[in-house]
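Per our numbering, residue 22 is the first one in the sequence shown, and the count goes up by one each step.
Note that the Cβ used here is the ideal one computed from N, Cα and C, for glycine as well.
Heads up: the structure comes next, in structure tokens.
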Amino acid sequence: MEDRNELIRQIKKIELKTGILVEGLQYGLHHSVFRGRGIEFAEIREYVPGDDIRSIDWKVTARYNHPFVKEYTEERDQTFYFMADISGSGSFGSETTKQKKILELVASLGFAALRNNDRVGLLLFSDRVEKFIPAHRGKKHLAGILNTMIDHKPVSDRTDLGVAARFLAKVLSRKSSVIILSDFISPDFMRPLRILRQRHEVIALRVRDERERELPDVGLIELEDPETGEQVLVDTSDREFREHYRALVGEAETTLHHELARHRIHEIALSTDEPYEVPLKRFFSGIAGRRDHYAGIL
């Protein structure tokens, strides 16, 4: 990544900017992501016009021959885990590397969670779990997470998202929201994600570089097969090959999008060379509608 002091300055700017972003993020994180979950029973009261009929307590209604509804309060204490891909593929970026973008996203979402006194934790992964920090509250804890991300040197440049998902599925006892930050270029990982999704909310922040969609005409380069790890020498000056590559990337992204949606895993597609604030706010403000969309395709 970049110079450490420059990254710290960037994080401080993000903290100041979070005041503008935080309202939308907090609303989305607490009123949309956990809609129907993380709520506690408060009381039973008489039905009034406009109440959701799904909240009617039919036993009490039958007993008093008058409609009563169950009232709930939202549980404000939530737990978030950032599952961050630190493999070598994250250094592919052009203007801004994927590693730096992932750090910025963790900082921004972490500060939003901090303002609501939520717990945040971190898992750094490549083709193995490289670092795990259990979730806690507080600015000091978040600072420790960000410092870890800045200072950590990846052990491997390979990626296995499934290994990280299986690890979290085993160690997380508390119902949490797992935010995955990766390019999702990895061997088969949908089954581990499905298992993780059975108990936890899962959000996929897919961070990609535009050059991964369309290879530049720079002659011979080496590409790695994400399934086998095999290095392949290709000629990017071949227009037919570039077009074939572009089609394969588009097909892979479409397949990933549909698979995530099919398993009710929310997805936000982000680019290394574009600001992330608007896509995040748009996503969290519209996620309730997305849930209806998911229900319609299942």
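Residue of the options minimising C-alpha distance to residue i
i, options, result
"residue 228", "214, 209, 201", "201"
"residue 322", "260, 65, 267, 125", "Summary: the structure shown does not reach residue 322, with the chain confined to residues 22 through 319, and so no result is reported for it."
"residue 93", "197, 65, 105, 119", "65"
"residue 225", "167, 155, 210", "210"
"residue 245", "159, 264, 127, 108", "108"
"residue 175", "159, 145, 185, 195", "145"
"residue 232", "119, 105, 216", "119"
"residue 235", "271, 252, 132, 139", "271"
"residue 25", "156, 179, 170", "170"
"residue 190", "254, 213, 275", "213"
"residue 143", "291, 193, 257", "193"
"residue 130", "223, 161, 266, 35", "35"
"residue 159", "305, 91, 141", "141"
"residue 136", "163, 123, 152, 79", "163"
"residue 100", "275, 156, 148, 161", "156"
"residue 150", "257, 188, 223, 276", "188"
"residue 230", "67, 147, 293, 139", "293"
"residue 223", "277, 82, 285", "285"
Alpha-carbon to alpha-carbon, residue j and residue i
i, j, result
"residue 287", "residue 221", "12 Å"
"residue 31", "residue 303", "23 Å"
"residue 273", "residue 73", "41 Å"
"residue 219", "residue 197", "11 Å"
"residue 282", "residue 215", "11 Å"
"residue 280", "residue 166", "30 Å"
"residue 199", "residue 251", "31 Å"
"residue 132", "residue 183", "27 Å"
"residue 178", "residue 207", "12 Å"
"residue 111", "residue 75", "Reliability of the predicted coordinates at residue 111 is poor, the pLDDT of 47 falling under 50, and the value obtained from them is presented with this limitation in mind. Answer to the nearest angstrom: the Cα atoms are 46 Å apart."
"residue 89", "residue 154", "45 Å"
"residue 185", "residue 77", "41 Å"
"residue 299", "residue 261", "36 Å"
"residue 253", "residue 28", "34 Å"
"residue 104", "residue 79", "42 Å"
"residue 33", "residue 123", "15 Å"
"residue 180", "residue 152", "14 Å"
Status (buried if at least 16 other CB within 10 Å, exposed otherwise) for residue i
i, result
"residue 296", "exposed"
"residue 121", "buried"
"residue 70", "exposed"
"residue 128", "buried"
"residue 238", "exposed"
"residue 289", "buried"
"residue 240", "exposed"
"residue 102", "buried"
"residue 205", "buried"
"residue 291", "buried"
"residue 203", "buried"
"residue 268", "exposed"
"residue 106", "buried"
"residue 275", "exposed"
Which residues DSSP lists as bridging residue i, in chain order
i, result
"residue 100", "140"
"residue 223", "199"
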